[in-house]
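Chemist:
Numbering (my numbering), first residue to last: 18 to 84.
(1) Specify, as a first and last residue, the run of the alpha helix (DSSP H) that residue 81 falls within.
(2) Leaving out five residues on either side along the sequence, give the residues of the same chain with a beta carbon under 7 Å from the beta carbon of residue 31.
(3) In the DSSP assignment, find the alpha helix (DSSP H) that holds residue 124 and state where it starts and stops.
(4) Would you say the segment 59-68 touches the segment 34-45, given that touching needs at least three Cβ pairs under 8 Å?
Structure (structure tokens):
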């Protein structure tokens, strides 16, 4: 496996992780589950922002950066 595909897989996994956590926290916060209802909305936006950044980096790495 080349260095490029390893990096792309890592970036894609990071995107999935941050997006999944943000989605789970958002849903559980809406249901009023315990401590998650006290989490500020900025944390959810931060997680979604990180997911978007990793998605863009994975796309750019796959299409433009040819190692």
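For glycine and all other residues, C-beta sits at the position ideal for the given N, C-alpha and C. Since we're looking at a predicted model, the values are computed, not measured.
Modeler: Taking the structure as given:
(1) The residue labelled residue 81 in the question sits at position 64 within the chain shown. Taken as a continuous stretch (DSSP letters only), residue 81 belongs to no alpha helix (DSSP H), as it is neither H nor E.
(2) Taking the first residue of the chain shown as position 1, residue 31 is located at position 14. Cβ neighbours of residue 31 beyond the five flanking positions: 71.
(3) Outside the displayed range of the chain (18 to 84) lies residue 124, so it cannot be described from this structure.
(4) yes
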